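**Q** Just so you know, the sequences run in chain order G and P.
If you count the first sequence from 1, position 51 lands on 51 in my numbering, and the numbers rise without skipping.
If you count the second sequence from 1, position 25 lands on 25 in my numbering, and the numbers rise without skipping.
Where is the CB? At the ideal position from N, CA and C, for every residue including glycine.
Since the model is a prediction, treat every value here as computed from it, not as a measurement.
Provided herewith is a single structure, encoded as structure tokens, for subsequent inquiry.
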Amino acid sequence: MKIAACVKITPATDSRISILADGTGIDASGIKWIISPYDQVAIEQAVLLAEANKGTEVVIVTVGDDNAVAQLRAGALAVGGDRAVLVQDAALANSDNLGVAKALAAVLKKEAVDLAFFGKVAVDDDASQVPGMAAELLGWPQVSSASKFELAGSGFTAVRAVGGGMEQEVRGSFPVVITADRDLAVPRYAKLPQIMKAKKKKVDTLSLSDLGLSAGDVAPKVAVSSYALPPSREKVTLLGGSAQEAAAELVRRLRDEAKVL
Amino acid sequence: MRHKPLDFYDIDDLLTDEDRQIRDAVRAWVDGRVLPIIEDHFQAGTFPAHLVREMGEMGFFGTQLEGYGCPGLSYTAYGLICQELERGDSGIRSFASVQSSLVMYPIHRFGSPAQRERWLPGLASGALIGCFGLTEPDHGSDPGAMITRAEHRGDHYLLRGAKMWITNGSVADVAVVWAKLDGVVRGFLVERGTEGFSAPELKNKHSLRASVTSELVFDEVRVPLENILPGVEGLKGPLACLTSARYGISWGALGAAGACFDASREYSLTRHQFGRPLGSFQLVQAKLAGMLREITKGQLLSWRLGRLMDEGRARHEQVSLAKLNNVDIALDIARVSRDLHGAAGIVSDFPVMRHMANLESVITYEGTHDIHTLVLGRWITGIQAFS
Ligand SMILES: Cc1cc2nc3c(=O)[nH]c(=O)nc-3n(C[C@H](O)[C@H](O)[C@H](O)COP(=O)(O)OP(=O)(O)OC[C@H]3O[C@@H](n4cnc5c(N)ncnc54)[C@H](O)[C@@H]3O)c2cc1C
Numbered sequence: 001m002k003i004a005a006c007v008k009i010t011p012a013t014d015s016r017i018s019i020l021a022d023g024t025g026i027d028a029s030g031i032k033w034i035i036s037p038y039d040q041v042a043i044e045q046a047v048l049l050a051e052a053n054k055g056t057e058v059v060i061v062t063v064g065d066d067n068a069v070a071q072l073r074a075g076a077l078a079v080g081g082d083r084a085v086l087v088q089d090a091a092l093a094n095s096d097n098l099g100v101a102k103a104l105a106a107v108l109k110k111e112a113v114d115l116a117f118f119g120k121v122a123v124d125d126d127a128s129q130v131p132g133m134a135a136e137l138l139g140w141p142q143v144s145s146a147s148k149f150e151l152a153g154s155g156f157t158a159v160r161a162v163g164g165g166m167e168q169e170v171r172g173s174f175p176v177v178i179t180a181d182r183d184l185a186v187p188r189y190a191k192l193p194q195i196m197k198a199k200k201k202k203v204d205t206l207s208l209s210d211l212g213l214s215a216g217d218v219a220p221k222v223a224v225s226s227y228a229l230p231p232s233r234e235k236v237t238l239l240g241g242s243a244q245e246a247a248a249e250l251v252r253r254l255r256d257e258a259k260v261l
Numbered sequence: 001m002r003h004k005p006l007d008f009y010d011i012d013d014l015l016t017d018e019d020r021q022i023r024d025a026v027r028a029w030v031d032g033r034v035l036p037i038i039e040d041h042f043q044a045g046t047f048p049a050h051l052v053r054e055m056g057e058m059g060f061f062g063t064q065l066e067g068y069g070c071p072g073l074s075y076t077a078y079g080l081i082c083q084e085l086e087r088g089d090s091g092i093r094s095f096a097s098v099q100s101s102l103v104m105y106p107i108h109r110f111g112s113p114a115q116r117e118r119w120l121p122g123l124a125s126g127a128l129i130g131c132f133g134l135t136e137p138d139h140g141s142d143p144g145a146m147i148t149r150a151e152h153r154g155d156h157y158l159l160r161g162a163k164m165w166i167t168n169g170s171v172a173d174v175a176v177v178w179a180k181l182d183g184v185v186r187g188f189l190v191e192r193g194t195e196g197f198s199a200p201e202l203k204n205k206h207s208l209r210a211s212v213t214s215e216l217v218f219d220e221v222r223v224p225l226e227n228i229l230p231g232v233e234g235l236k237g238p239l240a241c242l243t244s245a246r247y248g249i250s251w252g253a254l255g256a257a258g259a260c261f262d263a264s265r266e267y268s269l270t271r272h273q274f275g276r277p278l279g280s281f282q283l284v285q286a287k288l289a290g291m292l293r294e295i296t297k298g299q300l301l302s303w304r305l306g307r308l309m310d311e312g313r314a315r316h317e318q319v320s321l322a323k324l325n326n327v328d329i330a331l332d333i334a335r336v337s338r339d340l341h342g343a344a345g346i347v348s349d350f351p352v353m354r355h356m357a358n359l360e361s362v363i364t365y366e367g368t369h370d371i372h373t374l375v376l377g378r379w380i381t382g383i384q385a386f387s
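Encoded structure:
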């Protein structure tokens, strides 16, 4: 069996984001990059399956630049990925989610994987578009936000949490795209011996033409006009005095100043 | 959590990719496994023993050694591991220092092939725990005057004496014990359970409370002949171990200092008095700037020393300087940080007083601050002032 985990390199969730002066993007200097946390769950699920099923290969796939290599080694190959494929192309740097999905779908097809895990959402743009697009481009079914995944016969069973504490069980066959919810698996810590081994694992860099795609194929259909930070929080006033006094003052302010009562 | 530690001079750029990845992996583990539980262990005065096997699996022990289950990483990587562990707690770092530098290192360097084979893989994996007995109740800074003695008796050595303040003593499977044989200091591997050997734990500590500290008592203990470390004679044996450990402590102290700095910066921005954040007062800014200054210098010191260690040309006086400087500044920073937190600084909601209390041990063990100062004095003048 061959399993892919498709991952995105994003700023660490506790990064302080600032916007470039011209508003065209975020300032990348000083940002610590990580593999998006849900993608890390996807990797873990892929590795767990490989560990339980001898002869299974886990291929990590990403679209990115040179900086991605260190992330792939530390965050993916050091926790059990067997090798990685990095799609790197100037045309992809300015592409959109559909362009990225086309590149990933081309890799999944080329690699002839049985199963592709993605995180359900990337923590930078929160778009949740790429896995669904990739599945559609490949003509594969997709199970989104899986919280449980098991091989069953020649296919699989997945569980998704739906609203109201209910769960939905989905059965299907391969190939398939599965996106990982938080509960799917608990990412392991990278062990130092694995970090050393990961240095020797293969990271193949492919261009669009290696995948039979052209710059035109990934020309963006969506243009981002500008980025802006949310307005900074208004001044906070702490009301002093006893609880009773503070409550009275709060009601007064809500009524007389905010005029919401 | 404190993911982005102080790196004012971009020292990250001086590290290799591998060193950075190792550091980040240890940091993630400390964030997830140590920080959530350490205050409770410190308060209860218990060592989190469940972490030993995990640390072994993570590959934290004997990293600077090669073979026998050890990965042969750089000394810089070893230092970074110490830094991250001590960002968690000095007790966790102490455990690793003892295991790696004071137990695995002498067995690796001075042990017989059979001793290495027998002990190193288990110590590396955390299946076995070691301790290092040099200090005695009446001989701390002057270990050369030790009274613990071994006598050759046919098919064994007879060991008599006691060691004091021994980290991991009560939980150790093997003790590396330094004792005099015919007037010469030699190393012996004493196994847990050997008749006449006991290791009562010392309680009531105000410092390093999440670490086991014990007395080792040798009441006519028969040690098999093959348990002597064949490769070294004299005090240079234990001193070589200490040089390796002290180097790691110089990094470790920066971890504790960094944790105190992070807590102080955060607190100074969120705590308001007189209608302004504490961090808006010049006195508080001066304290924070002082921490920044000293941590940055300490980082450069340890980084450079790591390179010298890797090149095999670090002098023990250089290690003394780094140990004494970095522990000194870390203790100072922890005390200032405790003060800057006001009353909140004395409770376990913040890590600062725990680090402060821990560092009171770190400044004493592995050669006290003053003894290292005298080592430097001797290097400068050629005159030994401590005996
Ligand atoms: C928590 C903890 C864990 C420890 N773990 C271990 C361990 O695992 N293995 C081990 O072998 N030891 C261990 N030690 C012991 C430690 O190494 C000793 O405490 C240390 O070497 C100092 O010895 P001492 O306590 O006997 O102090 P002393 O040597 O009695 O010193 C007391 C004071 O006198 C000063 N002093 C001594 N001689 C001179 C001099 N010539 N000139 C000027 N000042 C001097 C010292 O600097 C110090 O301030 C540990 C200690 C602690 C606190």
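Where does residue 133 of chain P fall in DSSP's three states?
**A** As a first step, residue 133 of chain P must be located in the second sequence, where it is residue number 133. Three-state result, residue 133 of chain P: strand.
**Q** Is the Cβ of residue 38 of chain G closer than 8 Å to any Cβ of chain P?
**A** Mapped onto the first sequence, residue 38 of chain G falls at position 38. Residue 38 of chain G does not count as touching chain P.
**Q** Considering Cα atoms alone, identify which of G:249, G:243, G:234, G:5 is closest to residue 120 of chain G.
**A** Against the first sequence, residue 120 of chain G aligns to sequence position 120. That would be G:5, whose Cα lies nearest to the Cα of residue 120 of chain G.
**Q** State the Cα-Cα distance for the pair residue 151 of chain G and residue 71 of chain P, rounded to the nearest angstrom.
**A** Locating residue 151 of chain G in the first sequence gives position 151, where the first residue counts as 1. Locating residue 71 of chain P in the second sequence gives position 71, where the first residue counts as 1. Each residue's Cα considered, the two are about 36 Å apart.
**Q** Between the segment 149–158 of chain P and the segment 78–98 of chain P, do at least 3 Cβ pairs fall closer than 8 Å?
**A** Judged by Cβ distances under 8 Å, the segment 149–158 of chain P makes no contact with the segment 78–98 of chain P, as fewer than three pairs qualify.
**Q** With 8 Å as the threshold, decide whether the Cβ of residue 306 of chain P is near any Cβ in chain G.
**A** Working through the second sequence from its first residue, we reach residue 306 of chain P at position 306. False, the Cβ-Cβ gap to chain G never drops below 8 Å.
**Q** For residue 235 of chain P, which option in P:181, P:226, P:207, P:263 has the closest C-alpha, if you only look at C-alpha atoms?
**A** Here residue 235 of chain P is taken as the residue at index 235 of the second sequence, counted from 1. The residue with the shortest Cα to Cα distance from residue 235 of chain P is P:181.
**Q** For residue 37 of chain P, which residues in chain G fall below 8 Å Cβ to Cβ?
**A** Residue 37 of chain P sits at position 37 when you count from the first residue of the second sequence. By Cβ distance, chain G contributes nothing, its closest Cβ being about 15 Å from residue 37 of chain P, past 8 Å.
**Q** Give the secondary structure of residue 243 of chain P by DSSP, where H, G and I count as helix, E and B as strand, and everything else as coil.
**A** Counting from 1 along the second sequence, the entry for residue 243 of chain P is found at position 243. In the structure shown, residue 243 of chain P sits in a helix (DSSP, three-state: H, G or I).
**Q** Counting only Cβ-Cβ distances shorter than 9 Å, please list the residues of the segment 176–206 of chain G near chain P, keeping chain order.
**A** Taking 9 Å as the Cβ-Cβ cut-off against chain P, the residues of the segment 176–206 of chain G that qualify are 189, 190, 191, 192, 193, 194, 195, 196, 198, 199.
**Q** Between the C-alpha atoms of residue 119 of chain P and residue 265 of chain P, what's the straight-line distance to the nearest angstrom?
**A** Residue numbering aside, residue 119 of chain P sits at position 119 when the second sequence is read from its first letter. Residue numbering aside, residue 265 of chain P sits at position 265 when the second sequence is read from its first letter. Cα-Cα distance, rounded: 44 Å.
**Q** To the nearest whole angstrom, what separates the beta carbons of residue 187 of chain P and residue 237 of chain P, a pair I think is in contact under 8 Å?
**A** If you number the second sequence from 1, residue 187 of chain P lands on position 187. If you number the second sequence from 1, residue 237 of chain P lands on position 237. That belief holds up - the Cβ atoms of residue 187 of chain P and residue 237 of chain P are roughly 5 Å apart, short of 8 Å.
**Q** According to the neighbour-count rule (16 or more other Cβ atoms, all chains shown, within 10 Å of its Cβ), is residue 321 of chain P buried or exposed?
**A** Residue mapping note: residue 321 of chain P aligns to position 321 of the second sequence, counting from 1. Answer is buried; the Cβ neighbour count reaches 16.
**Q** Could you round the C-beta distance between residue 246 of chain G and residue 240 of chain G to whole angstroms and report it? I think they count as a contact, below 8 Å.
**A** By one-based count along the first sequence, residue 246 of chain G stands at place 246. By one-based count along the first sequence, residue 240 of chain G stands at place 240. 7 Å between Cβ atoms; contact.
**Q** Could you give the DSSP three-state label for residue 169 of chain G: helix, strand or coil?
**A** As a first step, residue 169 of chain G must be located in the first sequence, where it is residue number 169. Residue 169 of chain G: strand per DSSP, three-state reduction.
**Q** In the DSSP assignment, find the unbroken alpha helix (DSSP H) run with residue 77 of chain G in it and report its ends.
**A** As a working note, residue 77 of chain G is residue 77 in the first sequence. Where residue 77 of chain G is concerned, there is no enclosing alpha helix (DSSP H), given that its DSSP letter is neither H nor E.
**Q** Provide the residue span of the beta strand (DSSP E) that contains residue 35 of chain G, from first to last.
**A** As a working note, residue 35 of chain G is residue 35 in the first sequence. Counting along the chain, the beta strand (DSSP E) containing residue 35 of chain G begins and ends at 33–35.
**Q** What first and last residue would you give for the beta strand (DSSP E) that runs through residue 60 of chain G?
**A** If you number the first sequence from 1, residue 60 of chain G lands on position 60. Start and end: 57–63.
**Q** Go through its chain and collect everything with a Cβ distance to residue 14 of chain P's Cβ below 8 Å, but skip five positions before and after it.
**A** Within the second sequence, residue 14 of chain P is the residue found at index 14, counting from 1. Same-chain partners within the cutoff: 303.
**Q** How is residue 217 of chain P classed by DSSP in three states: helix, strand or coil?
**A** Counted from its first residue, the second sequence places residue 217 of chain P at position 217. In the structure shown, residue 217 of chain P sits in a strand (DSSP, three-state: E or B).
**Q** Please list the terminal residues of the continuous beta strand (DSSP E) segment that includes residue 10 of chain G.
**A** Position 10 of the first sequence holds residue 10 of chain G. Taken as a continuous stretch (DSSP letters only), the beta strand (DSSP E) holding residue 10 of chain G covers 9–11.
**Q** Hey, would you say residue 124 of chain G sits closer than 8 Å to residue 220 of chain G, going by beta carbons?
**A** Reading the first sequence from its first residue, position 124 is the one you call residue 124 of chain G. Reading the first sequence from its first residue, position 220 is the one you call residue 220 of chain G. No, the pair does not count as a contact, with Cβ atoms beyond the cut-off.
**Q** Run the proximity test for residue 133 of chain P: is its beta-carbon closer than 7 Å to any non-hydrogen atom belonging to ligand 1?
**A** As a working mapping, residue 133 of chain P is identified with position 133 in the second sequence. Under cutoff, so the answer is yes.
**Q** Measuring CA to CA, which of G:27, G:68, G:214, G:208 is closest to residue 227 of chain G?
**A** Residue 227 of chain G sits at position 227 when you count from the first residue of the first sequence. The residue with the shortest Cα to Cα distance from residue 227 of chain G is G:27.
**Q** Report yes or no: is there a C-beta of chain P within less than 8 Å of the C-beta of residue 252 of chain G?
**A** To locate residue 252 of chain G, count along the first sequence from 1; it is residue 252. Chain P, which has no Cβ nearer than 8 Å to the Cβ of residue 252 of chain G, makes this no.
**Q** If we define contact as Cβ-Cβ less than 8 Å, is residue 58 of chain P a contact residue for chain G?
**A** As a working mapping, residue 58 of chain P is identified with position 58 in the second sequence. Yes - at least one Cβ of chain G is within 8 Å of the one on residue 58 of chain P.
**Q** Decide if residue 186 of chain G is buried, meaning its Cβ has at least 16 other Cβ atoms within 10 Å, or exposed.
**A** Counting from one through the first sequence, the residue named residue 186 of chain G turns up at place 186. Under this definition residue 186 of chain G is an exposed residue.
**Q** Looking at the secondary structure, which residues open and close the beta strand (DSSP E) in which residue 159 of chain P lies?
**A** Here the question's residue 159 of chain P lines up with position 159 in the second sequence. First-last of the beta strand (DSSP E) with residue 159 of chain P: 156–167.
**Q** How big is the Cα-Cα spacing for residue 56 of chain P and residue 191 of chain G?
**A** Residue 56 of chain P sits at position 56 when you count from the first residue of the second sequence. Residue 191 of chain G sits at position 191 when you count from the first residue of the first sequence. Using only the alpha carbons, I get a separation of about 9 Å.
**Q** Please list the partners that residue 344 of chain P has in chain G, where partner means a Cβ-to-Cβ separation under 7 Å.
**A** For the purposes of this step, residue 344 of chain P is identified with residue 344 of the second sequence, where counting begins at 1. Under the 7 Å cutoff, chain G gives no residues; its nearest Cβ is about 17 Å from residue 344 of chain P.
**Q** Quick one, which of G:198, G:89, G:231, G:71 has its alpha-carbon nearest residue 80 of chain G's?
**A** Locating residue 80 of chain G in the first sequence gives position 80, counting from the first residue. Of G:198, G:89, G:231, G:71, the residue nearest in Cα terms is G:198.
**Q** For the 8 Å Cβ check, are there 3 or more pairs between the segment 230–238 of chain G and the segment 102–112 of chain G?
**A** The answer is no - the segment 102–112 of chain G does not touch the segment 230–238 of chain G, with fewer than three Cβ pairs under 8 Å.
**Q** Whose C-beta lies closer than 8 Å to the C-beta of residue 113 of chain G among residues of the same chain, with five residues either side of it excluded?
**A** To locate residue 113 of chain G, count along the first sequence from 1; it is residue 113. Excluding positions up to five away in sequence, the list reads 2, 3, 4, 59, 175.
**Q** As an exercise, report each continuous beta strand (DSSP E) stretch of at least 3 residues that is fully enclosed by the segment 96–155 of chain P, in chain order.
**A** Runs found: 130–133, 149–153.
**Q** With a threshold of 16 other CB atoms inside 10 Å of the CB of residue 315 of chain P, please say whether the residue is buried or exposed.
**A** Residue mapping note: residue 315 of chain P aligns to position 315 of the second sequence, counting from 1. Residue 315 of chain P should be labelled exposed.
**Q** At a cut-off of 7 Å, would you count residue 171 of chain P as near ligand 1, judging by its Cβ distance to the nearest heavy atom?
**A** As a first step, residue 171 of chain P must be located in the second sequence, where it is residue number 171. Not under cutoff, so the answer is no.
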